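**Q** Those protein sequences? They're chains A and B, same order as listed.
All residue numbers for the first sequence refer to the numbering used here, where the first residue is 102 and numbers rise by one.
All residue numbers for the second sequence refer to the numbering used here, where the first residue is 102 and numbers rise by one.
Protein chains: 2
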Amino acid sequence: MTTEMHPSRWGNPAETTALPESTRGLVELALGVRETPAVEEVSMPPVGLADDVLAELRALLGDDHVLTDDEHRRLRTRGKSTPDLLRARSGDLTDAPDVVARPGTHDDVVALIALAVRHHIAIVPFGGGTSVTGGLVARREGYAGVVSVDLIRMKALREVDKESMTVVLEPGLRGPEAEELLAAEGLMLGHFPQSFEFASIGGFAATRSSGQSSAGYGRFDAMVMGLTLATPQGTLEVGSSPANAAGPDLRQLVLGSEGAFGIITSVRVRVKKLPVEKVYEAWNFPSFTAGADAMRHLAQNGLMPTVLRLSDENETALNLASHSDVGGESTGGCLMIVGHEGASVAARQALVGAALEELGGTPLGEDRGAAWAEGRFHAPYLRDSLLDVGVLVETLETATFWSNRDRLYKAVTSALTEALGEKTLVLCHISHVYETGCSLYFTVAAPQADAPLEQWLAAKAKASQAMVDAGATITHHHAVGTDHKPWLAQEIGEVGVRILRAVKADLDPTDVLNPGVLIP
Amino acid sequence: MTTEMHPSRWGNPAETTALPESTRGLVELALGVRETPAVEEVSMPPVGLADDVLAELRALLGDDHVLTDDEHRRLRTRGKSTPDLLRARSGDLTDAPDVVARPGTHDDVVALIALAVRHHIAIVPFGGGTSVTGGLVARREGYAGVVSVDLIRMKALREVDKESMTVVLEPGLRGPEAEELLAAEGLMLGHFPQSFEFASIGGFAATRSSGQSSAGYGRFDAMVMGLTLATPQGTLEVGSSPANAAGPDLRQLVLGSEGAFGIITSVRVRVKKLPVEKVYEAWNFPSFTAGADAMRHLAQNGLMPTVLRLSDENETALNLASHSDVGGESTGGCLMIVGHEGASVAARQALVGAALEELGGTPLGEDRGAAWAEGRFHAPYLRDSLLDVGVLVETLETATFWSNRDRLYKAVTSALTEALGEKTLVLCHISHVYETGCSLYFTVAAPQADAPLEQWLAAKAKASQAMVDAGATITHHHAVGTDHKPWLAQEIGEVGVRILRAVKADLDPTDVLNPGVLIP
Numbered sequence: 102m103t104t105e106m107h108p109s110r111w112g113n114p115a116e117t118t119a120l121p122e123s124t125r126g127l128v129e130l131a132l133g134v135r136e137t138p139a140v141e142e143v144s145m146p147p148v149g150l151a152d153d154v155l156a157e158l159r160a161l162l163g164d165d166h167v168l169t170d171d172e173h174r175r176l177r178t179r180g181k182s183t184p185d186l187l188r189a190r191s192g193d194l195t196d197a198p199d200v201v202a203r204p205g206t207h208d209d210v211v212a213l214i215a216l217a218v219r220h221h222i223a224i225v226p227f228g229g230g231t232s233v234t235g236g237l238v239a240r241r242e243g244y245a246g247v248v249s250v251d252l253i254r255m256k257a258l259r260e261v262d263k264e265s266m267t268v269v270l271e272p273g274l275r276g277p278e279a280e281e282l283l284a285a286e287g288l289m290l291g292h293f294p295q296s297f298e299f300a301s302i303g304g305f306a307a308t309r310s311s312g313q314s315s316a317g318y319g320r321f322d323a324m325v326m327g328l329t330l331a332t333p334q335g336t337l338e339v340g341s342s343p344a345n346a347a348g349p350d351l352r353q354l355v356l357g358s359e360g361a362f363g364i365i366t367s368v369r370v371r372v373k374k375l376p377v378e379k380v381y382e383a384w385n386f387p388s389f390t391a392g393a394d395a396m397r398h399l400a401q402n403g404l405m406p407t408v409l410r411l412s413d414e415n416e417t418a419l420n421l422a423s424h425s426d427v428g429g430e431s432t433g434g435c436l437m438i439v440g441h442e443g444a445s446v447a448a449r450q451a452l453v454g455a456a457l458e459e460l461g462g463t464p465l466g467e468d469r470g471a472a473w474a475e476g477r478f479h480a481p482y483l484r485d486s487l488l489d490v491g492v493l494v495e496t497l498e499t500a501t502f503w504s505n506r507d508r509l510y511k512a513v514t515s516a517l518t519e520a521l522g523e524k525t526l527v528l529c530h531i532s533h534v535y536e537t538g539c540s541l542y543f544t545v546a547a548p549q550a551d552a553p554l555e556q557w558l559a560a561k562a563k564a565s566q567a568m569v570d571a572g573a574t575i576t577h578h579h580a581v582g583t584d585h586k587p588w589l590a591q592e593i594g595e596v597g598v599r600i601l602r603a604v605k606a607d608l609d610p611t612d613v614l615n616p617g618v619l620i621p
Numbered sequence: 102m103t104t105e106m107h108p109s110r111w112g113n114p115a116e117t118t119a120l121p122e123s124t125r126g127l128v129e130l131a132l133g134v135r136e137t138p139a140v141e142e143v144s145m146p147p148v149g150l151a152d153d154v155l156a157e158l159r160a161l162l163g164d165d166h167v168l169t170d171d172e173h174r175r176l177r178t179r180g181k182s183t184p185d186l187l188r189a190r191s192g193d194l195t196d197a198p199d200v201v202a203r204p205g206t207h208d209d210v211v212a213l214i215a216l217a218v219r220h221h222i223a224i225v226p227f228g229g230g231t232s233v234t235g236g237l238v239a240r241r242e243g244y245a246g247v248v249s250v251d252l253i254r255m256k257a258l259r260e261v262d263k264e265s266m267t268v269v270l271e272p273g274l275r276g277p278e279a280e281e282l283l284a285a286e287g288l289m290l291g292h293f294p295q296s297f298e299f300a301s302i303g304g305f306a307a308t309r310s311s312g313q314s315s316a317g318y319g320r321f322d323a324m325v326m327g328l329t330l331a332t333p334q335g336t337l338e339v340g341s342s343p344a345n346a347a348g349p350d351l352r353q354l355v356l357g358s359e360g361a362f363g364i365i366t367s368v369r370v371r372v373k374k375l376p377v378e379k380v381y382e383a384w385n386f387p388s389f390t391a392g393a394d395a396m397r398h399l400a401q402n403g404l405m406p407t408v409l410r411l412s413d414e415n416e417t418a419l420n421l422a423s424h425s426d427v428g429g430e431s432t433g434g435c436l437m438i439v440g441h442e443g444a445s446v447a448a449r450q451a452l453v454g455a456a457l458e459e460l461g462g463t464p465l466g467e468d469r470g471a472a473w474a475e476g477r478f479h480a481p482y483l484r485d486s487l488l489d490v491g492v493l494v495e496t497l498e499t500a501t502f503w504s505n506r507d508r509l510y511k512a513v514t515s516a517l518t519e520a521l522g523e524k525t526l527v528l529c530h531i532s533h534v535y536e537t538g539c540s541l542y543f544t545v546a547a548p549q550a551d552a553p554l555e556q557w558l559a560a561k562a563k564a565s566q567a568m569v570d571a572g573a574t575i576t577h578h579h580a581v582g583t584d585h586k587p588w589l590a591q592e593i594g595e596v597g598v599r600i601l602r603a604v605k606a607d608l609d610p611t612d613v614l615n616p617g618v619l620i621p
């Protein structure tokens with residue numbers, strides 16, 4: 102599998118398929134769109150970094166690891182939000198880094214940061230390049246240049262402690278690479294965001310990621326027992342114990358810091374034994390509210406499965422839960438996916454199944470569940486196919502407490518529909534469930550206007566404001582980047598912002614670490 | 102029940118009993134100590150705060166809530182560590198606050214902080230007064246005075262959200278008061294540290310507390326969904342959602358901040374339904390290692406009970422697990438307490454019991470378990486009785502990953518024995534268990550030397566250094582206060598310390614918030 106992605110598309114080009122005719126018909130019927138093929142010829146901006154700085158970089162990392170060719174720079178340009186893709190599709194690659202630098206060790210990273218401070222270069226840590234919030238678009242005005250710090254050489258499984266069930270991983274490991282190394286030890290991490298095939302361990306940590314099996318294995322921030330952060334002021338190492346009362350938990354200040362406080366060079370994470378059994382089943386609920394209430398019951402009564410996901414009526418009808426059968430026959434109601442992994446799967450399946458039946462669910466069997474599991478990482482390819490035929494499509498997500506779920510759902514749906522017009526399709530699912538609340542993940546599709554980028558940014562702003570006005574979070578698991586900064590400022594308030602700024606100013610007084618990202 | 106504690110003793114004087122003759126005999130035999138009754142006559146230092154400032158305080162809070170009498174000041178002097186008790190017993194109350202001020206609302210707290218900044222007064226938040234790490238002993242040099250901010254008037258249950266299973270609590274609520282308010286709603290918090298009867302909600306949050314049922318209900322920091330912090334720069338409100346990716350988790354920066362970043366004026370916490378059943382049982386394991394391995398197995402295989410606690414051979418022999426029968430007959434081996442609360446108790450009891458038998462445990466029945474539950478909050482009274490007869494006794498605690506448990510155990514035990522001499526008794530238990538590690542809680546008893554305070558501080562320093570040298574934490578649940586600062590600095594390193602200092606300098610530039618506490 103390739104792990105390099107073109108800036109205008111998701112993933113491995115071989116896996117992107119044109120929309121099947123049936124689906125195209127549906128899309129055209131629903132949206133009335135036209136084809137707007139991407140611009141294929143684009144030109145890269147020249148390398149802006151001075152030769153003496155390049156020479157210094159080469160002296161530090163070796164010629165092979167300081168790359169200025171168009172291809173490497175192109176593949177490190179921006180992330181994978183629809184605005185990112187639209188900009189690339191229109192031929193705009195102005196955010197390309199000047200250089201791709203590939204440190205091999207923690208000490209390399211420390212030296213690279215020192216070099217960046219000396220020359221006032223903006224440095225952008227790069228793992229999988231899957232940011233959908235502008236996390237890879239550092240500010241370049243006032244800087245000597247922008248260096249993409251590609252962690253691709255830092256892919257070791259450094260320690261395995263089977264007694265404590267922890268391992269130490271380097272940040273450049275992609276999801277499948279980490280799982281493969283762990284599987285050889287009979288272990289697993291269990292972190293499966295939709296970006297799993299491309300995203301990296303360092304990125305999971307830096308963005309406080311959450312995966313499709315987080316109900317069972319926990320969010321990434323709950324997995325991290327310790328970490329190492331290289332900063333301009335030296336190295337922070339935390340992780341003396343699973344938990345403690347030794348002041349504020351500094352791990353939780355680094356997790357979610359998105360490269361703005363330093364570069365994470367290793368994490369000690371909790372691991373699990375490889376599951377002996379896995380079963381995924383599908384259920385139908387008469388309404389989104391009935392399904393959400395059932396999820397809440399499971400979470401509040403110690404019955405949490407490993408995977409728990411509920412599509413609303415629209416998503417169920419359009420069947421986007423499985424990419425391969427968009428436009429297929431709908432079962433009506435709302436589709437729930439319930440997965441159990443590990444030991445005693447049958448017993449847990451029986452317990453949870455009995456509860457779901459009592460709560461109004463109808464079992465649809467394991468075939469539909471298996472189909473979901475098979476297609477779970479493929480939705481982003483569908484976005485490319487829809488963009489190809491002129492549909493504006495994007496996702497956004499939030500989270501709130503249970504009692505606020507319905508209000509938030511309606512507020513975001515209304516904001517998007519009002520902004521994008523009556524032909525807009527808004528689909529929603531709940532994919533992360535807690536005792537006290539849940540996430541809401543929206544997929545939006547609308548006919549592209551003449552200026553689709555501006556069209557989307559206006560709609561996104563309205564939806565973001567609706568989230569914060571509803572008292573919810575601006576992001577459950579996509580992070581802040583540059584795109585969410587104004588609403589982060591509202592969410593955490595003036596005092597929250599000044600705390601982030603104070604830490605940033607202390608650790609990175611010349612503002613070379615991913616400048617413009619995260620900190621409002 | 103009284104909630105006011107004399108500075109030289111724990112809890113309600115009516116509950117402190119003289120040691121039974123059998124126990125005294127044991128103590129004398131083991132340690133060869135002499136009686137050293139406490140000094141009863143002590144004099145309070147004069148109130149050092151200027152009259153105009155007192156008048157301003159009275160104008161702000163009302164005469165009834167600005168208290169300068171000896172009794173109120175005495176009862177707000179220091180916390181409950183053995184050094185605190187020894188200082189009080191020797192007649193030293195020099196750390197008494199000048200004034201006890203009792204704000205009634207968040208706005209009162211904000212105004213009180215502003216007043217403190219204006220007059221450069223050190224302010225010490227006071228909840229239950231149960232700190233055992235010097236968390237209530239602010240630096241007074243260079244300040245116009247020291248004000249104890251007693252949160253005793255802020256005891257409301259402010260919101261109940263039964264759908265989300267969250268409530269909003271004010272910080273002055275003591276443990277039993279909070280549980281009583283919740284029980285009226287059919288709810289519970291489930292946070293039962295040994296200090297439960299006296300400690301407060303604000304204190305639980307500010308010190309990142311962990312309770313005897315944290316295996317089942319979670320540490321306090323895992324319960325907090327949102328909070329409000331009054332600071333000199335304004336109010337921080339966080340808690341948009343159960344979890345999110347909106348930058349670093351600022352909740353975890355406030356939890357454990359021990360009054361140094363601000364005063365917590367409310368917390369939104371996750372609650373549970375009142376348990377329908379509770380059962381506690383005792384088990385015997387042939388060794389501490391065998392018992393610890395069994396605990397690890399439960400934690401790593403999803404079999405965690407609500408309460409899980411294991412005494413080492415020494416603690417089991419001295420039977421300190423139950424205060425009422427010190428010196429009673431020992432069963433040999435190591436005593437484990439296993440408690441199940443909530444629903445399906447019998448099924449969970451059967452599952453866990455089968456696992457424990459397979460791992461070498463012998464069931465001792467529910468009577469011993471019930472005895473533990475009955476006496477669970479009484480150990481601190483025993484300390485007073487032992488101090489009364491001239492035994493130096495204190496507790497300290499740490500946590501580490503499973504693979505480091507035995508090394509840490511031996512290192513701390515050796516350090517204490519070397520420092521205090523061959524007659525020292527070192528007892529240990531594990532009371533907090535995680536998938537990746539556990540806490541170690543030591544009780545130390547030795548004959549008092551002529552200068553018991555200095556004797557203990559020297560031993561404590563050696564034990565603390567042994568913890569950090571073993572790569573463990575300086576404190577699993579007692580917090581940092583003033584006593585643990587040097588070792589916190591080692592644990593989090595220079596970069597960690599500068600992060601704490603940067604936040605402190607930004608939020609509290611004139612250093613009036615519990616100065617000298619927490620921040621190295």
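Heads up, the beta-carbon is just placed ideally off N, CA and C, and yes, glycines get one too.
All figures in this text were calculated on a predicted structure; none of them were measured in a lab.
1) Chain B partners of Arg410 (chain A), CB-CB under 9 Å?
2) Would you kindly work out how many angstroms separate the C-alpha atoms of Glu382 (chain B) and His173 (chain B), rounded to a whole number?
3) Determine the direct distance from the alpha carbon of Gly538 (chain B) to that of Glu264 (chain A), and round the result to whole angstroms.
4) Tell me which same chain residues have a C-beta within less than 6 Å of the C-beta of Thr576 (chain B), skipping the five on either side of it?
5) Quick one: what's got a C-beta closer than 6 Å to Ser425 (chain B)'s C-beta in the same chain, skipping five residues either side?
6) Is Gly429 (chain B) buried or exposed, if buried means 16 or more other CB atoms sit within 10 Å of its CB?
7) Closer than 7 Å by C-beta to Val370 (chain B): which residues in its own chain qualify, once you throw out the five before and the five after it? Chain order, please.
8) Assuming Arg275 (chain A) and Gly246 (chain A) are in contact, meaning their beta carbons sit under 8 Å apart, how far apart are those beta carbons, in whole angstroms?
9) Under 8 Å Cβ to Cβ from Asp193 (chain B), same chain only, skipping five residues before and after it: list those, please.
10) Report the three-state DSSP secondary structure of Ile365 (chain B) (helix, strand or coil).
11) Mind checking who Ala223 (chain B) pairs with in its DSSP beta bridge?
12) Please state whether DSSP places Val355 (chain B) in a helix, a strand or coil.
13) So is Thr314 (chain A) in contact with chain B if we call contact Cβ pairs under 9 Å?
14) Count the other C-beta atoms from every protein chain shown that fall within 10 angstroms of the C-beta of Arg259 (chain B), then say buried if there are 16 or more, exposed otherwise.
15) Between the alpha carbons of Ala562 (chain A) and Val513 (chain A), how many angstroms are there, rounded?
16) Is the distance from the Cβ of Gly462 (chain B) to the Cβ of Phe386 (chain B) below 9 Å?
17) Starting from Ala347 (chain A), find everything on chain B with Cβ-Cβ shorter than 9 Å and list it in chain order.
18) Can you find a CB in chain A that lies within less than 9 Å of the CB of Asn113 (chain B)?
19) Quick one: which chain A residues come within Cβ less than 7 Å of Glu264 (chain B)?
20) Phe623 (chain A) to Asp199 (chain A), Cα distance in whole Å?
21) Could you tell me the distance, in whole angstroms, from the CA atom of Val596 (chain B) to the CA atom of Tyr318 (chain A)?
22) Span of the beta strand (DSSP E) holding Pro406 (chain A)?
23) Specify, as a first and last residue, the run of the alpha helix (DSSP H) that Arg175 (chain A) falls within.
24) Is it buried or exposed, Val427 (chain B), if we count other Cβ atoms within 10 angstroms and call 16 or more buried?
25) With 16 other CB atoms within 10 Å as the buried threshold, where does Ile620 (chain A) fall?
26) Could you tell me the boundaries of the beta strand (DSSP E) in which Leu381 (chain A) lies?
27) Using the three-state DSSP reduction, which class does Lys373 (chain A) fall into: helix, strand or coil?
**A** Let's see:
1) Per Cβ cutoff of 9 Å: no residues; Arg410 (chain A) is ~16 Å from chain B at best.
2) Glu382 (chain B) and His173 (chain B) have their C-alpha atoms roughly 42 Å apart.
3) Roughly 9 Å between the two C-alpha positions.
4) The beta carbon of Thr576 (chain B) lies closer than 6 Å to those of His585 in the same chain, with the five residues before and after it left out.
5) Caution is warranted here: a pLDDT of 46 is assigned to Ser425 (chain B), below 50, making its placement in the model unreliable, and the coordinate value is therefore given only provisionally. These residues qualify, in order along the chain: Gly476.
6) Residue placement at Gly429 (chain B) cannot be trusted, given a pLDDT of 46 that sits under 50; what the coordinates show is reported in the next sentence. Looking at its Cβ environment, which holds fewer than 16 other Cβ atoms inside 10 Å, Gly429 (chain B) is exposed.
7) Sequence-distant partners of Val370 (chain B) (beyond 5 residues in either direction) whose C-beta falls short of 7 Å from its own C-beta, in its chain, are Thr267, Val268, Leu270, Leu290, Met324, Val325, Met326.
8) Actually they are not in contact, since the Cβ atoms of Arg275 (chain A) and Gly246 (chain A) sit about 27 Å apart, beyond 8 Å.
9) Val143
10) strand
11) B:Val247
12) helix
13) In the sequence as displayed, the identity of residue 314 (chain A) is Ser instead of Thr. Not closer than 9 Å to any Cβ of chain B, the Cβ of Ser314 (chain A) fails to qualify, so no.
14) exposed
15) 11 Å
16) yes
17) Arg309, Gly357, Thr574, Ile575, Thr576, His577, Ala580, Val581, His585, Trp588, Leu589, Glu592, Ile593
18) no
19) Trp503, Ser504
20) This structure gives no information on residue 623 (chain A), because the portion of chain A shown stretches from 102 to 621.
21) Their Cα atoms are separated by approximately 31 Å.
22) Careful: Pro406 (chain A) lies outside any beta strand (DSSP E) and carries neither H nor E.
23) 171-175
24) Because Val427 (chain B) carries a pLDDT of 42, less than 50, the predicted location of this residue cannot be relied on, and no value is offered for it.
25) buried
26) Here residue 381 (chain A) is Tyr; the residue named in the question, Leu, does not match the sequence. Unbroken beta strand (DSSP E) run through Tyr381 (chain A): 378-386.
27) Strand, per DSSP.
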